[in-house]
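Enquirer: In our numbering, the protein residues as written are -2 to 81. Ideal Cβ positions, reconstructed from N, Cα and C, are used throughout, including at glycine.
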Amino acid sequence: MTMTVNQVSLDVVSLTRKLMTEDVDRKINADDTFVDLGLDSLKLVDLLAAVETHFDIEVPDELVGSFAKVQDLSDFVLSARSPV
């Protein structure tokens, strides 16, 4: 199933919000960093696991630390889901 850029972004935001413990009602923007959203490194690993399950993709271990912003992760999901 092909997902739009907007769908992917909304789903990444929703998965991120589920892991937030502070200020859970704040607006999340694509350029927000996961640190600014209160996600530490352990929660980021949890987020990536949720993203892998939700989007049926695999995040290579060497990329785990490369997602600083919501947009970074959304872009990765889009590229991982695009047909080769």
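Please work out which residues of its chain come closer than 7 angstroms, Cβ to Cβ, to residue 18, disregarding the five sequence neighbours upstream and downstream, and give them in chain order.
Expert: Counting from 1 along the sequence shown, the entry for residue 18 is found at position 21. Within the same chain, residue 18 has close Cβ partners 35.
Enquirer: Using the Cα positions of residue 78 and residue 27, report the straight-line distance between them to the nearest angstrom.
Expert: If you number the sequence shown from 1, residue 78 lands on position 81. If you number the sequence shown from 1, residue 27 lands on position 30. Straight-line Cα distance between these residues: approximately 19 angstroms.
Enquirer: So, residue 67 versus residue 10, is the Cβ gap smaller than 8 angstroms?
Expert: For the purposes of this step, residue 67 is identified with residue 70 of the sequence shown, where counting begins at 1. For the purposes of this step, residue 10 is identified with residue 13 of the sequence shown, where counting begins at 1. Taking the C-beta atoms as reference points, residue 10 is found nearer than 8 angstroms to residue 67.
Enquirer: Give the range of the alpha helix (DSSP H) segment to which residue 65 is assigned.
Expert: The sequence position of residue 65 within the sequence shown is 68, counting from 1. From DSSP, residue 65 is part of no alpha helix (DSSP H); its letter is neither H nor E.
Enquirer: Going by DSSP, name the residue or residues bridged to residue 30.
Expert: Position 33 of the sequence shown, counting from 1, holds the residue named residue 30. BP columns for residue 30 point to 66.
Enquirer: Which of helix, strand or coil does DSSP assign to residue 23?
Expert: Mapped onto the sequence shown, residue 23 falls at position 26. In the structure shown, residue 23 sits in coil (DSSP, three-state: anything other than H, G, I, E or B).
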